[in-house]
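S.K.: Here it is, the structure, as structure tokens.
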Amino acid sequence: MNTINDHYYRLKELLKIEKEEDFTQHKNYLDGLTLQQKLESGYVWQPVKVMSTGYTLGGRVYVLLEKTKITNHPNQLLPGRPVLFYTTDKDYEKTEIKASVYSLGKTNIKLILNSKDLPEWIGNSVLGIELDFDERSYKVMEKALDDVISSKDENIINFKEIFAGIKQPGFRKEHPIEIAPLNASQNEALNYILSCNDIGVVHGPPGTGKTTTLVQTIKATLLKEKQVLVTGPSNISVDILVDRLVNAGVSVVRVGNISRIDETILSHTLDAMVESHHEYNNIKKIKIEAASIRKEAFKFKRVFNANVRMERQKLKKEAKDLEMWARDIEDRIVSEILDNTQVIATTLTSSANQELNGKIFSTVFLDEASQAMEPACWIAFLKAKRIIMTGDPLQLPPTVKSTEAKKKGLDITLLERYIALDYPIKILKIQYRMLTAIAAFSNYYFYDNYLETAEVVTKRVLNPDIKPLVFIDTAGTGFEEQIAEDLKKEMYLSRYNEGEYFIIREHLLQLIEKGINPDINTIVIITPYRAQVRYIQSELETDSKLSKYPIRVNSIDAYQGQESDIVIISLVRSNHKNDIGFLKDYRRMNVAMTRAKYHLALVGDSITLDKDPFFKSLIEFATEHDSMHSAYEYMY
């Protein structure tokens, strides 16, 4: 007989499969690369120099490091990721130390070391940083699933029964309110959330003001609740919310790593707020004294006798007592800060941080829930009396590396499970980003034509001579995809298409000639393939006509949640087998096609794409709306 917990036991098995696959891919890939390849792929920074050091919460050491060679290589050392901080000098007994990336700038990076002391080699050797395998995330997800299975808490049992379809979510009658900045569907969503007893979901398609609605809803919730937890699947998603909440006048503490070095975000981190406390100087002095005593205790002694041993033990105890004193003061300050803030903001994984141990929240908000694996959600939801999820299940799903785990449903989110049970949800229906012609295909294919374009958007004009939507067809040109030879050791093959960039370049030059100003009008080129990103970036750097403009190039996945005046999509795939690879993930294309505000151009081979039902429909749509153009128009 099946029980509710069977689902969570199954998730544990799938998570184990995913962890093994992730570790195998990580190890096999990095082990097969030379140092130069690691540098060029962004998995290693070397050499780096120390800019400053200090102590963080819990007595761990931080180091601020700077690149000594500035390159345009991609970067895999993102905030929250585990790394190895190392020396190339092999004369030391221990040449590396585990750490995590706290924050990232253009040329510098701040690491939190898994240590109370700086390594002895830090000041006099070549230093580097290399991406490490992220085992901690799996451990906290595994623990969360164990806790869900064993929990006797009434709230958790209630959540499990609702997600299993055994019990309906509850709602209470509330006097509706209306917030002036919100439109009708946004106010409906706000009032719906305020009336939820246990679980609620807001579906926010692209450009519909999901974040704006969420911020106003959190403010309204805080009129009745002292404090809430706000989470997201990534540091970027959380930091966007922190920025918006602070601007809305809400008191926020950011716990965990941050996505960028930004003054607003930095000043609201728990570390920064502790450091600005009037007692912090005392903590700092105590920690420095403890470190000095511990260093003295471990000094090399030529003669090691009973007296030396006793002296060493005495010094170690003195250092430990000082550390405990500093920690007691620090814990009191942390508790004071956390108890007196309206919003604690953190990623799902960081909601397992020690500072939040034992805390229960009246409401836990999860933004971008469509990108969060279910085991990760439960890390935060175990702290909840009420759960509110926002997101769009028709945009990018969570990243699952194991084909087996994906086939068995590890990428199915709690948001999707809830919606599939046909429970009441609210959908935001007015979009403020795209001209109607740009939104039209996604609206038809994904959203059943219920999206409306705000009147203020319909009045926007970039240039009357520039169509909002064009599909530039490369069929018959011979512009075929190529596999990047130097990336053949990648976990996934990556492709590029030189001919498509030629057409993109000509199209951009035509747009500029017609009157757009790339210094004012933001332009981004996005593509599903990293090799194409790299190829286009390298071409733009040496282009005498385009290199002077701030044209961005990015992958579709990395560009989710962002927008630009002009978006050009390079689809890359062109072959005789009509193989379109992971272009078959239509949610990825939905993301790509809904980033543009004024002008969207797609460049691709209709013959390769037409055999797929989604792209066949897209090509027919573009043809019907007089948006189909041949690449030959740009070649002569």
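Going by our numbering, the letters in the sequence shown line up with residues 114 to 749, in that order.
A virtual CB, placed ideally from N, CA and C, is assigned to each residue, including glycine.
Values in this document were obtained by computation on a predicted structure and should not be read as measured data.
Would you mind reading off the limits of the beta strand (DSSP E) that contains D678?
M.R.: Looking at the DSSP string, the run of the beta strand (DSSP E) that includes D678 is S677 to S683.
S.K.: Can you name the start and end residues of the beta strand (DSSP E) that P289 belongs to?
M.R.: Careful: P289 lies outside any beta strand (DSSP E) and carries neither H nor E.
S.K.: What's the call for F413, buried or exposed, on a 16-neighbour Cβ count within 10 Å?
M.R.: With a pLDDT of 49 at F413, under the threshold of 50, the predicted position of this residue should be treated as unreliable, though the coordinate-derived value follows. That one is exposed.
S.K.: Assign N185 to buried or exposed, taking buried as 16 or more other Cβ atoms, counted over all protein chains shown, within 10 Å of its Cβ.
M.R.: N185 should be labelled exposed.
S.K.: Closest by CA to N237, which one among K162, V477, R285 and L258?
M.R.: Of the listed residues, the one whose Cα sits closest to N237 is K162.
S.K.: If I follow the unbroken alpha helix (DSSP H) through N576, where does it start and stop?
M.R.: That residue, N576, is in no alpha helix (DSSP H); it is neither H nor E in DSSP.
S.K.: What are the start and end residues of the alpha helix (DSSP H) that includes V351?
M.R.: Unbroken alpha helix (DSSP H) run through V351: N348 to N360.
S.K.: Using beta-carbon positions only, say whether I245 and L197 come within less than 8 Å of one another.
M.R.: Going by the sequence as given, residue 245 is Asp instead of Ile. In this structure, L197 lies closer than 8 Å to D245 by Cβ.
S.K.: Going by C-alpha distance, which of T721, E619 and K514 is nearest Y749?
M.R.: Looking at the Cα atoms, E619 is the closest of the given residues.
S.K.: Restricting to Cα atoms, I'd like to know which of K542, P577, N691 and G589 is closest to G612.
M.R.: Selected option, being the one with the closest Cα: G589.
S.K.: Can you tell me the Cβ-Cβ gap for L190 and W234, rounded? I've got them flagged as a contact below 8 Å.
M.R.: Not really, about 20 Å apart at Cβ, beyond 8 Å.
S.K.: Quick one: Cα of K602 to Cα of T116, how far?
M.R.: Since pLDDT at K602 reaches only 49, below the 50 mark, its modelled position is unreliable, and no value is offered.
S.K.: In the structure shown, what three-state DSSP assignment does S651 receive?
M.R.: The answer is helix: DSSP assigns S651 an H, G or I state.
S.K.: In its own chain, which residues sit with a C-beta less than 6 Å from the C-beta of Y251, not counting the 5 before and 5 after it?
M.R.: Cβ neighbours of Y251 beyond the five flanking positions: K132.
S.K.: Considering only residues of the same chain and omitting the five flanking positions on each side of A385, which have a CB-CB separation below 8 Å?
M.R.: For A385, where only same-chain residues beyond five positions count, the Cβ hits under 8 Å are L379.
S.K.: Taking 7 Å as the limit between beta carbons, can you name the residues of its chain near H381, skipping five residues before and five after?
M.R.: For H381, where only same-chain residues beyond five positions count, the Cβ hits under 7 Å are V355, V359, V365, V366 and R367.
S.K.: Applying the 10 Å Cβ sphere with the 16-neighbour rule, what's the burial state of M486?
M.R.: Per the 10 Å Cβ criterion, buried.
S.K.: Would you call the CB atoms of L528 and P506 closer than 8 Å?
M.R.: Contact: yes.
S.K.: Helix, strand or coil for L240, going by three-state DSSP, please let me know.
M.R.: Looking at L240 - three-state DSSP - the assignment turns out to be strand.
S.K.: When the distance is taken between beta carbons, is P488 closer than 8 Å to A257?
M.R.: In contact: A257 and P488 (Cβ atoms closer than 8 Å).
S.K.: For P294 and K627, I'd like the C-alpha separation in whole angstroms.
M.R.: Taking the straight line from one Cα to the other gives about 36 Å.
S.K.: Would you mind listing the alpha helix (DSSP H) stretches within the stretch 381-464 that are 4+ residues and don't spill past its ends, in chain order?
M.R.: With a minimum length of 4 residues, the continuous alpha helix (DSSP H) runs that stay inside the stretch 381-464 are 383-388, 393-410 and 419-452.
S.K.: By the three-class DSSP mapping on this structure, what secondary structure does G167 have?
M.R.: Three-state DSSP puts G167 in a strand.
S.K.: Roughly how many angstroms lie between the CA atoms of Q623 and T208, to the nearest whole one?
M.R.: Cα-Cα distance, rounded: 55 Å.
S.K.: Considering only their Cβ atoms, is the gap separating V637 from Y672 smaller than 8 Å?
M.R.: Against a cut-off of 8 Å, the Cβ pair of V637 and Y672 comes out as a contact.
S.K.: When DSSP labels each residue in this structure, what does R708 get in the three-state scheme?
M.R.: Three-state DSSP puts R708 in coil, outside helix and strand.
S.K.: Terminal residues of the continuous alpha helix (DSSP H) containing I306?
M.R.: A297 to S308 is the extent of the alpha helix (DSSP H) around I306.
S.K.: Check this for me: beta carbons of N630 and D678, under 8 Å apart or not?
M.R.: No. Outside cutoff.
S.K.: From K724 to D718, what distance separates their C-alpha atoms?
M.R.: Spanning the two alpha carbons is a distance of roughly 11 Å.
S.K.: Report the partner residues of R665 according to the DSSP bridge assignment.
M.R.: Partner(s): V637.
S.K.: Under a three-way DSSP split, which group does H120 fall into?
M.R.: If DSSP states are grouped into helix, strand and coil, H120 belongs with the helices.
S.K.: Tell me the DSSP bridge mates of H316?
M.R.: Paired residue(s): G504 and I540.
S.K.: In its own chain, which residues sit with a C-beta less than 7 Å from the C-beta of V174, not counting the 5 before and 5 after it?
M.R.: Within the same chain, V174 has close Cβ partners T166, Y168, L226, S228, K229, D230 and L231.
S.K.: Is the stretch 328-336 touching the stretch 426-443 in the sense that three or more CB pairs, one from each, lie closer than 8 Å?
M.R.: Flag = no, the stretch 426-443 and the stretch 328-336 do not touch.
S.K.: Buried or exposed, going by whether 16 or more other CB atoms sit within 10 Å of the CB of S515?
M.R.: Looking at its Cβ environment, which holds 16 or more other Cβ atoms inside 10 Å, S515 is buried.
S.K.: Classify I279 as buried or exposed, calling it buried when 16 or more other Cβ atoms lie within 10 Å of its own Cβ.
M.R.: So I279 ends up on the exposed side.
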